[in-house]
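Colleague: Would you mind keeping the following structure in view while I ask a few things?
Numbering (the working numbering), first residue to last: 64 to 156.
In structure tokens form, the structure reads like this:
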């Protein structure tokens, strides 16, 4: 079920060629919610565990990162770090 997956994208009635994807499941599959919860759980753990300024929240298929800071510049720096640090969300999938 999770092997040899492909997808095709369409923009303004222009269809791209089929693309191989590294993971996925059939839409509408009753197991997809369970698979997604198992797949998505590590993403919530990519924030620094003892940080008071970083929060990750997940519900069903939505994930949110929250940076708490005194300024927009500092919040941006925190969010960039949440994404780019060695075990950050860019390296999650």
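All residues carry an ideal CB built from backbone N, CA and C; glycine is no exception.
In this structure, does DSSP put residue 129 in helix, strand or coil?
Modeller: Residue state, collapsed to three classes: strand.
Colleague: Output needed for residue 142: all residues of its chain with C-beta closer than 7 angstroms, excluding positions within five of it in sequence on either side, in chain order.
Modeller: 128, 130
Colleague: Where does residue 110 land, buried or exposed, given buried means 16+ other C-beta within 10 angstroms?
Modeller: buried
Colleague: Exposed or buried, residue 96, counting other C-beta atoms within 10 Å across all chains shown (16 or more means buried)?
Modeller: exposed
Colleague: Ends of the beta strand (DSSP E) at residue 119?
Modeller: 117–122 is the span of the beta strand (DSSP E), which, as asked, contains residue 119.
Colleague: Please tell me whether residue 106 and residue 119 are closer than 9 angstroms, where the distance is taken between their beta carbons.
Modeller: yes
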